[in-house]
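Everything on this sheet refers to the single structure shown next.
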Amino acid sequence: GAVVSQHPSRVICKSGTSVKIECRSLDFQATTMFWYRQFPKKSLMLMATSNEGSKATYEQGVEKDKFLINHASLTLSTLTVTSAHPEDSSFYICSARPLIGTSGGTDTQYFGPGTRLTVL
Amino acid sequence: DQQVKQNSPSLSVQEGRISILNCDYTNSMFDYFLWYKKYPAEGPTFLISISSIKDKNEDGRFTVFLNKSAKHLSLHIVPSQPGDSAVYFCAASVLGGGADGLTFGKGTHLIIQP
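Top to bottom, those sequences are chains A and B.
Going by the numbering used here, 67 is the number at position 17 of the first sequence; the sequence numbering is gapless.
Going by the numbering used here, 622 is the number at position 51 of the second sequence; the sequence numbering is gapless.
Next comes the structure, spelled out in structure tokens:
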């Protein structure tokens, strides 16, 4: 149980275009989903917290107009990288926290497989 | 300021022996700690967690110890197996803090040698 999927797994795009990444919890509901970014040989850095039905909360230094997050349902959150530039190339990973009382407890996050974004 | 620290970038252990991965934290508000295992180009896989009201949690070959006064936790893997070779991340959060994401350490690359 507690499976999280991400789509696409890899994407290559031209500079200036927008890319949408989907994150889905497949067998549980999650009111909260998180988006992380990992640079090569670095730790995962939290970008934003996505709550179903409300605006995302962004970490300091993350441009909310550039990284648009939508949490449309209890099982789906999307991250759109707008007007992508080469410096946005990275590995983006989402995670989902099950509803309290369901699998995994109150604070265990389950991660998707990640999306490798390359901006040319 | 790095709030979660894993000071060993890599660790090499012989198969069958015990692997001990260490993690230190500075934020006294953290009260829930997790260990994740990660392979290249994949998302982290949850291994084990511990709440600050406990000092030990065990799950099969994995045991996490928490020393709250020292702000230190460790993950013990025994016996170590070749499939355990991966990067291990220590993460911390504030339980009940609403929408808090995890704060990760930089990871320790565990290499299990035959």
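Heads up, the beta-carbon is just placed ideally off N, CA and C, and yes, glycines get one too.
Remember, predicted model here, so these are calculated numbers, not experimental data.
Could you have a look at residue i and say whether DSSP puts it in helix, strand or coil?
{"i": "glutamate 629/B", "result": "strand"}
{"i": "aspartate 602/B", "result": "coil"}
{"i": "aspartate 77/A", "result": "coil"}
{"i": "glutamate 72/A", "result": "strand"}
{"i": "aspartate 138/A", "result": "helix"}
{"i": "glycine 155/A", "result": "Bear in mind that a pLDDT of 49 at glycine 155/A, under 50, signals an unreliable position, so the number given afterwards is only what the model happens to contain. Glycine 155/A falls in the coil class under three-state DSSP."}
{"i": "glutamine 574/B", "result": "coil"}
Applying a beta-carbon distance threshold of less than 7 Å, which residues of chain B neighbour residue i?
{"i": "isoleucine 143/A", "result": "Gly614"}
{"i": "phenylalanine 84/A", "result": "Gly672"}
Could you check the C-alpha separation between residue i and residue j for me, to the nearest Å?
{"i": "tryptophan 606/B", "j": "isoleucine 619/B", "result": "6 Å"}
{"i": "lysine 560/B", "j": "tyrosine 596/B", "result": "With chain B running from 572 to 685 in the structure shown, residue 560/B is simply not present."}
{"i": "phenylalanine 84/A", "j": "glutamine 110/A", "result": "15 Å"}
{"i": "valine 61/A", "j": "cysteine 73/A", "result": "15 Å"}
{"i": "valine 665/B", "j": "phenylalanine 78/A", "result": "22 Å"}
{"i": "glycine 587/B", "j": "arginine 166/A", "result": "35 Å"}
{"i": "asparagine 593/B", "j": "arginine 632/B", "result": "16 Å"}
{"i": "histidine 121/A", "j": "glutamine 585/B", "result": "45 Å"}
{"i": "proline 580/B", "j": "serine 93/A", "result": "11 Å"}
{"i": "alanine 612/B", "j": "threonine 679/B", "result": "16 Å"}
{"i": "arginine 147/A", "j": "threonine 81/A", "result": "7 Å"}
{"i": "isoleucine 683/B", "j": "serine 104/A", "result": "45 Å"}
{"i": "glutamine 577/B", "j": "cysteine 661/B", "result": "7 Å"}
{"i": "proline 90/A", "j": "phenylalanine 141/A", "result": "8 Å"}
{"i": "glycine 668/B", "j": "glutamine 159/A", "result": "Per-residue confidence for glycine 668/B stands at a pLDDT of 39, beneath the threshold of 50, marking its modelled position as unreliable; no derived number is given."}
{"i": "valine 649/B", "j": "glutamate 137/A", "result": "41 Å"}
{"i": "isoleucine 624/B", "j": "asparagine 638/B", "result": "11 Å"}
{"i": "glycine 672/B", "j": "serine 651/B", "result": "30 Å"}
{"i": "glutamine 574/B", "j": "phenylalanine 601/B", "result": "10 Å"}
{"i": "serine 583/B", "j": "histidine 647/B", "result": "14 Å"}
Please return the same chain residues whose Cβ sits closer than 8 Å to the Cβ of residue i, not counting the five positions on each side in sequence.
{"i": "serine 133/A", "result": "Gly66, Thr67, Ser68 and Lys116"}
{"i": "valine 112/A", "result": "Met97 and Ala98"}
{"i": "cysteine 144/A", "result": "Val54, Gln56, Ile71, Cys73, Met83, Phe84, Trp85, Tyr86, Ser127, Leu129, Phe161 and Gly162"}
{"i": "serine 599/B", "result": "Lys642"}
{"i": "serine 139/A", "result": "Leu167, Thr168 and Val169"}
{"i": "cysteine 63/A", "result": "Val69, Ala134, Leu167, Thr168, Val169 and Leu170"}
How far does the beta strand (DSSP E) with residue i in it reach, from first residue to last?
{"i": "tyrosine 659/B", "result": "657-664"}
{"i": "arginine 588/B", "result": "Segment: none, arginine 588/B is in no beta strand (DSSP E) and carries neither H nor E."}
{"i": "tyrosine 86/A", "result": "82-88"}
{"i": "isoleucine 682/B", "result": "679-684"}
{"i": "valine 54/A", "result": "54-57"}
{"i": "isoleucine 648/B", "result": "643-648"}
{"i": "serine 624/B", "result": "A quick correction: the sequence has isoleucine, not serine, at residue 624/B. Neither: isoleucine 624/B is in no beta strand (DSSP E) and is coded neither H nor E."}
{"i": "serine 127/A", "result": "126-131"}
{"i": "leucine 118/A", "result": "117-123"}
Run through chain A and tell me which residues come within less than 7 Å of residue i, C-beta to C-beta.
{"i": "glycine 587/B", "result": "Residues of chain A passing the Cβ test: none, with the nearest at roughly 29 Å."}
Looking only at its chain, what residues have a beta carbon closer than 7 Å to the beta carbon of residue i, apart from the 5 residues adjacent to it on each side?
{"i": "alanine 657/B", "result": "Lys608, Lys609, Tyr610 and Leu681"}
{"i": "proline 685/B", "result": "Glu586 and Pro653"}
Less than 6 Å between C-beta atoms, sequence neighbours within five positions excluded: which residues of the same chain meet that for residue i?
{"i": "phenylalanine 636/B", "result": "Lys627 and Ser645"}
{"i": "serine 622/B", "result": "Tyr603"}
{"i": "isoleucine 119/A", "result": "Ala98, Ser100, Ala106 and Leu129"}
What residues from chain A crowd round residue i, counting only those whose CB sits closer than 9 Å?
{"i": "phenylalanine 617/B", "result": "Ala52, Gly154, Thr158, Gln159, Tyr160 and Phe161"}
{"i": "phenylalanine 660/B", "result": "Ser93 and Leu94"}
Which chain B residues are close to residue i, counting only those with a beta carbon under 9 Å from its beta carbon?
{"i": "arginine 166/A", "result": "Ala612"}
Quick one: which chain A residues come within Cβ less than 8 Å of residue i?
{"i": "leucine 637/B", "result": "Chain A residues near leucine 637/B: none, gap ~15 Å exceeds 8 Å."}
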